[in-house]
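Which chain is which? The protein sequence lines are A and B, in order.
Going by my numbering, 320 is the number at position 313 of the first sequence; the sequence numbering is gapless.
Going by my numbering, 337 is the number at position 135 of the second sequence; the sequence numbering is gapless.
Everything on this sheet refers to the single structure shown next.
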Amino acid sequence: MDAATPPETAEKTEPVNRPSIWPKVPPAFVRTVLSGHSGLGLVAAALIYIVCLSGTVAVFLNELKLWEEPAAPTQTVASPQAVQAFAEAITKAHPKAGVVYMGLPTPDMPRLHAFVGEQVFVADAQGRIAGEASAPWAHFLEHLHIYLHLPETIGLIVVGLVGAALTGLIVSGFLAHPKIFRDAFAFRWAGAKRLSQADLHNRLSVWGAPFHLVVAWTGAYIGLATLLLFAVAGVTTKGDIAKVTAPIYGEVPRADPTPAPFPDLVATLAWFDGKPDLKPTLISLTALGTRGQLVEVNALMPKRLIYAERYTFDVQGRMTRKLGLSDDGLGKQVFASSYPLHFGSFGGLPVKIAYGLLGAALCVVTSSGVTIWLTRRRDRGRPAERLEKAWAAIVWGSTATLALSAALQLALKVPPVWTFWAPLAVLVAAAVAVKDARFWIVSLRIATSAILAAVVVVQAVKFGGLAFGGVSLGVNLTLLALAAVIAPWRKPLARAAA
Amino acid sequence: MTPTLQIALAWTATLAVAVGVWLLWLAWKRNPKPRGGLIAGGWALLVVAAALLGPWAGGDRGVAISTLLVAVAATVLIVVSGRWTLPHGKKAKPIRATAGGADPATGPATTWPRTVATVLLALPVSTAAGVASGVAMALWTPGAPADKLVTAAFGAPLVLAGAMVWTCADRKLLRTTAILVAFTAVCALAVVLRPH
């Protein structure tokens, strides 16, 4: 994906003999790196685009869960007694759950809820089970981004490879464009197509680079850690992964099924009273009611980048161990900071909005990178028409089918995995077979826009007044704004050929 | 430090980001004269902004939020100041941009067999090299066990990313293969000879 400014169209207003602080980079090196950048980009573009698109939407996962299940009870604070009652009720209802994660109300997920396997249960103010709020579409979106709907370990590794490819593309993009900072603000949309796409690609790449690099690198790390752990465990601990991760996650206690009293969560939560820098957000309950039980609490530290500090408690609610994610060496702190940095969960809604905007920019950078390559081929009289059409179908077809999967899940409970992938495959095949790329871009933009509006209508019909309040209203207005932006209102510019 | 002062500093930091990005815009967008002062001033304000955010947002978190602010502010400025319509006559101000740009060299994937070989090198072979380097890092990196693991987990994707780009750039497939296999073998040897 060559994002170089086409020599024949660049505006030559550069002053002569101006000294540059940048080191000279040999042209042959630039051309070779650009070749690698183009080649790798073409190989991985479709997967990168889908992972970036789903990741951008998934930044707002908690908001989407609230939007998808607006009728479930919400509460800003849960009393310790309600937490205790809820834990006991969940354990009684699911005695073989093994591990139960209880989420305490937070600003972006104001619910007392519990994860039992793939199911999510919500509590009322007294800690009684109020019902299930598993938000299947949000769950689908999460799995699309993390696993691409492949079997989990394989999917994680594939997404990790995508992250590594994106990391390579970002670094090689800078090496291949040594003058990219000097042109950091030159954006000429109204020019020849290759010039406008190159400006779009390069400008969004430069200023978004720290964000893009962080999400790509941490994504690669999260995805490939499994593979690396298998390898390290195979070499050092005869395959015992828990032993390898013990320095970070702590030792896993031995299972002991001997019956034991239920842990005192009221006392556990009381330990955090008077500690304003620790806000408990998640309680992990393992093998409850047995002597091997484990009660761990993740406490958010509002002024830290780490996702939480973790504390272990005994059955009486006495704190027995602190994991040390906040202060026990750089490695643990880097590990614990990587997740908030990847998912944009370290600064509330403003940071999420910034992540959404820069994530959308990364989608545009991916899309324009391939378009530049395709345009150069066309400019040289060797158009790759089928590839142009297929790329148009992937870029705009995936947005359309993502919206379609939400509409059909909400309206008819159709499994979104099928309504995302199957229509996308059909669209790509149809695009390759008929019409031209412009037809597919315009048609699919109209379709995306219409389906996004339909999603809002479906949600409003399904939930009535709940659709017009709180988080639901925010999500619905955002979807309508997106529908308006994506619709092809403007007549395309009459561009000069490069 | 009082919360009010922390919030005041955070707003000052936001202002510093806006002014810093604007100075860089002035330096790079239109000004054809030497402009070291604007560039230095712009970057300095961005660094100051990160420091000012610290008391309100926390040290590491403040740097992350400040970096995001810069990215969003610059992107907004690019969109606002971009040329969205075709320029007409004398009204069109020039947008400074470096003339010329490189075309990519011919890559290794010139035929179907070479394309398949390139993809194999970029995916399984590079992945093997990346994982092997990660295991070696996990065993040989000095420091606490957690530091070793995290270094390996962040280092291996970088090796993999570099190998992916290189295998897609270098036309000499045999050279790429030989070096990647040799690298993986050296990492394997390092694993065998690991400290106990």
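Using N, Cα and C, we set each Cβ at its ideal position, and we do this for glycine too.
| Query | Result |
| --- | --- |
| Through-space distance from residue 228 of chain A to residue 335 of chain A, alpha-carbon basis | 21 Å |
| Below-9 Å beta-carbon distance, residue 288 of chain A vs any chain B residue | no |
| Cβ pair residue 177 of chain A, residue 212 of chain A closer than 9 Å | yes |
| Nonlocal neighbours in the same chain, by C-beta distance under 7 Å from residue 65 of chain A, ignoring five residues either side | 148, 149 and 152 |
| Min CB distance residue 278 of chain A to chain B below 9 Å | no |
| CB contact check: residue 46 of chain A to chain B, cutoff 9 Å | yes |
| DSSP beta-bridge partners of residue 304 of chain A | A/290 and A/318 |
| C-beta atoms of residue 98 of chain A and residue 292 of chain A nearer than 9 Å | yes |
| Neighbourhood of residue 392 of chain A by C-beta, 8 Å cutoff - its chain only, sequence neighbours within 5 removed | 443 and 444 |
| Contact list for residue 158 of chain A against chain B, beta-carbon separation under 9 Å | Simply none; closest approach about 18 Å. |
| Option in A/342, A/417, A/88 and A/200 with minimal Cα separation from residue 256 of chain A | A/342 |
| Any chain A beta carbon closer than 9 Å to residue 280 of chain B | yes |
| Segment contact, 8 Å Cβ cut-off, at least three pairs: the region 183-193 of chain A with the region 37-45 of chain A | yes |
| Neighbour flag for residue 118 of chain A against chain B, beta carbons, 9 Å | no |
| Integer-rounded CB distance, given that residue 390 of chain A should sit under 8 Å from residue 449 of chain A | Rounded, the Cβ-Cβ distance is 19 Å, inconsistent with contact. |
| Beta carbon of residue 241 of chain B nearer than 9 Å to that of residue 225 of chain B | yes |
| Any non-hydrogen atom of the ligand COA closer than 8 Å to residue 389 of chain B Cβ | With respect to the ligand COA, the structure shown offers nothing to examine, as it has no ligands at all. |
| Residue span of the alpha helix (DSSP H) that contains residue 267 of chain B, given as start and end | 261-283 |
| Residue 312 of chain B classed as buried or exposed, judged by whether at least 16 other C-beta atoms fall within 10 angstroms | exposed |
| Close-in-space but distant-in-sequence residues of the same chain around residue 108 of chain A (CB under 8 Å, 5 per side omitted) | 121, 122, 289, 290, 291 and 292 |
| Cβ pair count under 8 Å reaching 3, the region 401-419 of chain A against the region 218-226 of chain A | no |
| Assigned exposure category for residue 91 of chain A - 16 Cβ within 10 Å defines buried | buried |
| Distance, residue 325 of chain A Cα to residue 277 of chain B Cα | 50 Å |
| Local conformation of residue 384 of chain A per DSSP, three classes | helix |
| Nearest-angstrom Cα separation, counted from residue 119 of chain A out to residue 474 of chain A | 21 Å |
| Beta carbon of residue 96 of chain A nearer than 9 Å to that of residue 130 of chain A | yes |
| C-alpha distance - residue 463 of chain A paired with residue 328 of chain B, whole-angstrom precision | 45 Å |
| Contact residues within the region 303-323 of chain B, judged by C-beta distance below 8 Å to chain A | 303, 304, 305, 306, 307, 308, 309, 310, 311, 320 and 321 |
| Buried or exposed (CB count within 10 angstroms, at least 16 for buried), residue 497 of chain A | exposed |
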